[in-house]
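A quick write-up on the structure given underneath.
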Amino acid sequence: MWSSSKHDANPLITPYQNPAAEYEQYQPAVVRVDGDYFMFVKSDELDQNRRRFRLWRSTDGIEWRLTDTTFGPADGSLSVNEIHHPVFVYEASENRYHLYYRADGGEDGGSIGHAVGEHPTKLRDDGRSPALTSEELEEKFGGACRNPQLTDMVSIGSTNVYYGFYWTKGWADPDAGDSHCVLFCAVGDHGDLRPRGVISTADAFPRSGTIIGNVSVFAADDQYCLTAMVGRLLENEPDQRETYAMVGDGFEFVPVSGRVLDTGPPGTWEEKWVYGGSWLKDNRTHDTVQNIDGRARFYYNGQDTADNNGSIGLAEFDDIPSLDRLTEINAWSQSIPLQAGSNTIALPTDTKAVRLVVEYRTADGDEVTTALSTADAQGNNVKTGISGITGSGQQTKRGAVARLGTETSATLTITPKSAKDEIAAATVIGYRSFVAPDVR
């Protein structure tokens, strides 16, 4: 499903390249602006309270040099004890850089901080209250929220969407049970965020585990692809962490089968696990940036069995799966009678999500409009306007994925503007499961 290769220069960055001799470097956050690459990397010194972000710079994204720029409590720029998970964003319209980070609140609490500047070497805390707090997440989602952390951002239309995760129970708590980490998204202007919705927990993935995080998102084929580290903390067994993917409209996602990256043989830098990473993407469109060989780049943290824990690597992808590659065993499709007005179909009882695909042809620049709604067994509308498609000319469009709850039927409404306009084909695709089989 995923076609990737590790770069020959791996690892790109190891702790031994750092004069401060940090024992771990991970959580890379990469941007490319006008041919320059910048990467903030979280660095851990032996003193656990001296975590900071260090800035690396490159002209090709492969050979990196360490700059003198650091950000965090260890250099006096912040008063918190620890920081984690940099989110690095370039705002082209304002020519400004934004850096988000988790400010450690201990086992309880925690918040998301925000720094801003006209250059990566000139970032400063924006001086306002935290961009997002654990209390705000608890009020929105309920339950305990510990140490929320953002890990990426994209713009969908005029809305900035931030992705992250938080703990519902303690780190590596043997009594916590599985899936006590929650993946969520928030929206808002830079520095002023509000929770929007829960995307997933770890048990939605193959080989489900207790933790999920290190999320990175990019646009592809009118959809958004989200990758996340999923792991299981096993007693008396090695800590297992792998990177999986989901695809969707930026707010609703379904998993895609297959691991994003394979691990390599023990005892080499071909890491024992992959700790998530950062897709290199265009700051304006959020599409993945292709290098000269036409490959998408994914910067990640790999950890091995030797002493150079926490090195940064690069994987390059020839092919990225889309929602249409969910295996047939998990999907059904049904064509809809092509007539103006309302067309209703019954949904199989095991349907967990639906999507509308429409092939249309219009005349004289008119537009044809379609809308999909769902209803429960009593006929009450549950979702309206989902996967709506509007357009002119002759083409095929795919709507967004909509998760279902109690719905038992779906209604497609077709609204042509003249007799010359026609819907050539309309299909509802249903997904029986959010967990596609692991093909490996």
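Each residue of the sequence shown is one higher than the one before, counting from 260 in the working numbering.
Here a beta-carbon is modelled for each residue, glycine too, at the ideal position from N, C-alpha and C.
Hey, quick one: how far does the beta strand (DSSP E) through E575 stretch, first residue to last? Numbered from 1 along the sequence shown, position 316 holds the residue referred to as residue 575. Note, E575: beta strand (DSSP E), 570-578.
Since T667 and L615 are thought to touch, with beta carbons under 8 Å apart, how far apart are those beta carbons, to the nearest angstrom? Residue numbering aside, residue 667 sits at position 408 when the sequence shown is read from its first letter. Residue numbering aside, residue 615 sits at position 356 when the sequence shown is read from its first letter. That pair is no contact at about 17 Å.
Taking the CB atoms as reference points, tell me whether R383 and V375 lie closer together than 8 Å. Translated into positions along the sequence shown, residue 383 becomes position 124. Translated into positions along the sequence shown, residue 375 becomes position 116. Yes, these two residues count as a Cβ contact at 8 Å.
Nearest-angstrom Cα separation, counted from I571 out to D303: On the sequence shown, residue 303 is found 44 positions in, with the first residue counted as 1. On the sequence shown, residue 571 is found 312 positions in, with the first residue counted as 1. C-alpha separation (whole angstroms): 14 Å.
Is DSSP giving F557 helix, strand or coil here? Your numbering for residue 557 matches position 298 in the sequence shown. Of the three classes helix, strand and coil, the one that applies to F557 here is strand, per DSSP.
What separation, rounded to the nearest whole angstrom, lies between the Cα atoms of H266 and L520? Along the sequence shown, one-based indexing puts residue 266 at 7. Along the sequence shown, one-based indexing puts residue 520 at 261. Each residue's Cα considered, the two are about 13 Å apart.
DSSP state of L337, grouped into three classes? Taking the first residue of the sequence shown as position 1, residue 337 is located at position 78. If DSSP states are grouped into helix, strand and coil, L337 belongs with coil.
Could you work out which residue in T544, R405, T674 is closest to D363 when comparing CA atoms only? Taking the first residue of the sequence shown as 1, we reach residue 363 at position 104. D363 has its Cα closest to that of R405, out of T544, R405, T674.
At what residues does the beta strand (DSSP E) containing K301 begin and finish? Along the sequence shown, read from residue 1 onward, the residue named residue 301 stands at position 42. Residues 295-303.
Quick check on DSSP: helix, strand or coil for E395? Taking the sequence shown and counting its residues from 1, one reaches residue 395 at position 136. DSSP places E395 in helix when its eight states are reduced to three.
Please name the residue, chosen from S317, G536, G372, E575, that lies closest to D451 on a Cα-to-Cα basis. Mapped onto the sequence shown, residue 451 falls at position 192. Looking at the Cα atoms, G372 is the closest of the given residues.
From the DSSP output, which residues share a beta bridge with R455? Position 196 of the sequence shown, counted from the first residue, corresponds to residue 455. Answer is none; R455 lacks a bridge partner.
Helix, strand or coil at P379 [DSSP, three-state]: If you number the sequence shown from 1, residue 379 lands on position 120. P379: helix per DSSP, three-state reduction.
From L573, S417, V446, residue whose alpha carbon lies closest to that of S352: Within the sequence shown, numbered from 1, the residue matching residue 352 stands at position 93. Here the closest residue by C-alpha is S417.
With 16 other Cβ atoms within 10 Å as the buried cut-off, status of A685: What you label residue 685 is simply residue 426 of the sequence shown in a count that begins at 1. Buried, by the Cβ-count rule.
Roughly how many angstroms separate the alpha carbons of E322 and Y356, rounded to a whole number? One-based indexing of the sequence shown puts residue 322 at position 63. One-based indexing of the sequence shown puts residue 356 at position 97. Taking the straight line from one Cα to the other gives about 22 Å.
With three or more C-beta pairs closer than 8 Å as the rule, is the region 286-296 touching the region 500-515? no
Going by beta carbon distance, what residues of the same chain come within less than 7 Å of T392, once the five residues before and after it are set aside? Position 133 of the sequence shown, counted from the start, is the residue given in the question as residue 392. Around T392: S370.
Who are F312's beta bridge partners in DSSP? Your numbering for residue 312 matches position 53 in the sequence shown. K301, F330.
Using only CA atoms, which one of G664, I673, I579, V506 lies nearest to L631? For the purposes of this step, residue 631 is identified with residue 372 of the sequence shown, where counting begins at 1. Among G664, I673, I579, V506, the Cα nearest to that of L631 is on I673.
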